[in-house]
Amino acid sequence: MAPPLSVFRRGQVCGLGARGTTKSWSPSWSPSRRYHRRMDAVGGSTLGDLLKHHRAAAGLTQEELAERAEVSARTISDAERGLRTTIYRDTARRLAEALGLMGDDLARFERAARARRKLPPQIRSEIPVPPTPLIGRDHEVDQARNALSSAGVRLLTLTGPGGIGKTRIAIEIAARMRPEFGGNVFFVPLGGTDEASLVLSEIAHAVGVTWTPVALIPAIVDQLRDKKSLLVLDTFEHLLAAAPDVAEIMASVPTLHILVASRETLRIRGEHEISIPTLGTPEASSPEDVARSPAGLLFLERARAVNPDLVLDDVTAGMVTAITRRLDGLPLALELAAARAKHVPLPTLLDQLENKLTVLTGGPRDLPKRQRTMRDTVGWSFDLLDPQERMLFAELSVFAGGWTLDAATAVHSEPSAVLEPLSALLDKSLVRRELKDDPPRYGMLDVIREFAGEQLSTDARRATTQRHTAFFTSLAQRAELELGTATQDRWFHALAADQENFRVALRSSINAGDAETALRLAGSLWQFWRSHGDLTEGRAWLREGLALGAGSTPDRAKALWGAAWLAYHQGNYDEAETLGEDLRILSRDAKDPVIVRNALTVRGMVAMAHERFGDARALFDQAVDLLRPLGRNWLLGTSLLNLGSACVHQRDAEHARTCLEEARTVYDQVGDRHFSARATVQLGFAFMIDDDLTPATTLIFESLRAFAELDDTWGATEALEAIAAVVAARGLAGAAARLGGAAETLRSTLSVRPLPFDAMWTASFMDRARASTDPATWSSAWNEGSSMGLDDAIELALSHSPTPASKR
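Residues 1 to 808 in my numbering are what the sequence shown lists, from first letter to last.
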């Protein structure tokens, strides 16, 4: 074993003579004399040769020498293999001391360590020539070229998750900008470089440094000085410690521009960023839409490369559309999936993509290993995370369709430590921010989410899912209180943004047999399903929750009320009546006026459906009396609306107007513009009882404008049906037919059936108009209206308004 480093640092080396006696170091004795003569004879005086000889003479392994000299074993290995032909002065000093070099040995070693010797000519780095054309990236390429051509941008980083196509885009930019930089475009692939300390060597090689200087940065600067040049650094995310070196080079060469492809920015001054998006997927599933969309075109091109017989017809287009959407338009995922089209039919491939990471494998052998499977691509980024970032990354997989910062905080196992790891995940392109949303929302590509979910243990997944369900149940309860107020639009938007998360929470609570949570969540959401047009889905969730059989009385009562209301408005009156009876039985013991009121209301609604308007009026009257002591709230407004509607169909115009005017007042006070507009339609009907068309027309057109402004398709459709009746009553048969046809088409797109008594009311006016018109003329006008969309139908209706109104 060699003596300790402290012995060598004394400046005199002691050893054992041939007879075991101690003697002073003597050059004539030194075995290196013979070595010098031998090495000179064979020309072996490189740093690697000298280092290997002296290490062997000292009896040290590379690791032992590294430990003594306090340098990395990689430095020694690279030097001995000739990968590094010079080393820093301080590193050379440490190695010399650790090896006990003195005299000529030390001088020769120092000369080799800092020699500026000419090396054999090296091949200058060239821009790679891709085997396939770039598809769907003209915007990003032009954006980057414009940025790099401007005076204020010298460092531009293309960011995005693995597989988004950063390298391919960077190559395209470099190729197109070569003339602008006089051919001085240097491409530096860094995917195979493991240490940040080697980045400068790679840059030096790429720009044509043909000697081995002690300091690489000055040599690189000398090589690039006075040249307008573009340096492309590809795959930089794992070498961020070298970012200061890049900054120093850029600061020293004013004519240098740098383009970086990285999953994470360098975070140095002067850096500009372009975040590369996924490819656009087809807007519809027709062959024309698929061929126009970048994602569809990329998939088709790659699939036809392995299956030339693939034909783009209506069936294929539907499959390709579904595949591209399921893969979020991620280019690498599309290419890996397309490669499967050689042996796997598209319908089967689509089914298999439920488990994306299992299917998206087998990439080309000439790609880096990390890009041959989606699992390796995402895993490359995952390996760069610290433990806290990995934990949050895994926990975020429980979200579907994105999340807010509040939601992430609630779900994370360490709620006080979310912002920093979330920021890191954003920086590393594993999480993306949706810039258009307020408050900001975050999300993952689906294939990244699948990988993240694999990192959760069974126990961790159970705990994270419970926190997720608790958060979204609380959110739904808070929103429910606001849905009938002036802030309703903001809350409806918030609920729509998290619709996928509510589905996850409902499914997990139902699968766990947690009736209380399932009923509480579904009961809080039914008004959202009503407004959003998702009546069928809402009924399904409520039915599953109610089937669990338990739950507290308030939660179960609310779920019964919502389920009955949704069933009624889809024309399932028998089911609504059955649910209403369950609610009535529950209300007898509840002694809660709201539960009793809801039970009365369901019975009244069913009576209206069966044209028992007197019974309905009596039931709605009781509901109003129950609510008046509670003050003017949304439920009172709705009970007054129901009562007024019953009076309309009893042709009691005076009482109908009284109830409906008060209902509008209540809705206006609480801020519910949607139901205020509904009350306005019914108030118009109340005036039509006495053929008082002037106020009726004004009111119904007022409601249409309100619905149009609120983007309330259901309400606008009902208003169009009412306007068709008003126009018919005014003798405008052609306009009535066109509006009737438009309303019928729009109604068919909704999951809501017209109430039979309202349909009967409007039909009485339409029938008179039809009878006064030639059948062919009526049919032609009706068909013309049937081809209209909502905006055109509203514009047509407003053209018959007694008061001018701006277009929607």
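Ideal Cβ placement from N, Cα and C applies to all residues, glycine included.
Item	Value
Check whether F471 and D406 have beta carbons under 9 angstroms apart	yes
Inter-residue Cα distance where the pair is A728 and D774	15 angstroms
Residues bridged to S764 (per DSSP)	Per DSSP, none; premise fails for S764.
Residue ranges of each alpha helix (DSSP H) within the segment 350-414, 4 or longer	356-359, 374-382, 387-395, 405-411
Range of the contiguous beta strand (DSSP E) that encloses Y442	441-443
Burial state of I585 (16 or more Cβ within 10 Å)	exposed
Backbone secondary structure at R612 - three-state DSSP	coil
Neighbour-count burial assignment, G362, 16 or more Cβ in a 10 Å radius	exposed
Between the CA atoms of D592 and R433 - distance to the nearest angstrom	45 angstroms
Residue interval of the beta strand (DSSP E) (run including F186)	185-189
Endpoints, beta strand (DSSP E) assigned at E271	271-275
Range of the contiguous alpha helix (DSSP H) that encloses E110	103-114
Residues near V141 in its chain [Cβ-Cβ closer than 8 angstroms; skip 5 each side]	L134, I169, E172, I173, R176
Per-residue burial, H674 [other beta carbons within 10 Å of its own, 16 or more giving buried]	buried
Outcome for K807 when other beta-carbon atoms lying within 10 angstroms are tallied against a minimum of 16	Residue confidence for K807 is low, a pLDDT of 38 falling below 50, so the modelled location carries little weight; the figure read from the coordinates is stated next. Under this definition K807 is an exposed residue.
L583 beta carbon less than 9 angstroms from that of A567	no
Cβ neighbour criterion (16 or more within 10 Å) applied to L699	buried
Per-residue DSSP class, three states only, for E257	For the sequence presented, residue 257 should be read as His rather than Glu. It is a strand residue.
Reference G82, options G48, R55, A56, closest by Cα	G48
Runs of alpha helix (DSSP H) lying entirely within the segment 659-736, each at least 4 residues, in chain order	673-688, 693-710, 713-729
Buried versus exposed call for K342 [16 or more other C-beta atoms within 10 Å across all chains shown]	exposed
Bridge partners - V232, DSSP secondary structure assignment	F187, L259
Rounded Cβ spacing between A547 and A564 (contact assumed at less than 8 angstroms)	So it is not a contact: roughly 15 angstroms between Cβ atoms.
DSSP-derived helix/strand/coil call for E434	strand
Selection from P345, F757, D446, S150 that minimises the alpha carbon distance to D309	P345
Nearest-angstrom Cα separation, counted from I689 out to E795	27 angstroms
Reduced DSSP category for T773 - H, G, I as helix; E, B as strand; rest coil	coil
Alpha-carbon spacing of R178 relative to T255, whole angstroms	15 angstroms
Own chain partners of R632 with C-beta closer than 7 angstroms, once the 5 adjacent residues on each side are dropped	V666, Q669
Endpoints, beta strand (DSSP E) assigned at T159	155-159
G453: first and last residue of the uninterrupted alpha helix (DSSP H) it sits in	446-454
Helix, strand or coil at K227 according to DSSP, with G and I counted as helix	coil
The segment 478-492 contacting the segment 533-542, beta-carbon criterion three pairs below 8 angstroms	no
Spatial neighbours of A394 in its chain, beta-carbon cut-off 6 angstroms, leaving aside the 5 residues before and after	A452, Q455, L456
Closest residue to A338 among A303, P756, M102, D574 (Cα-Cα distance)	A303
Alpha-carbon to alpha-carbon, D90 and L99	14 angstroms
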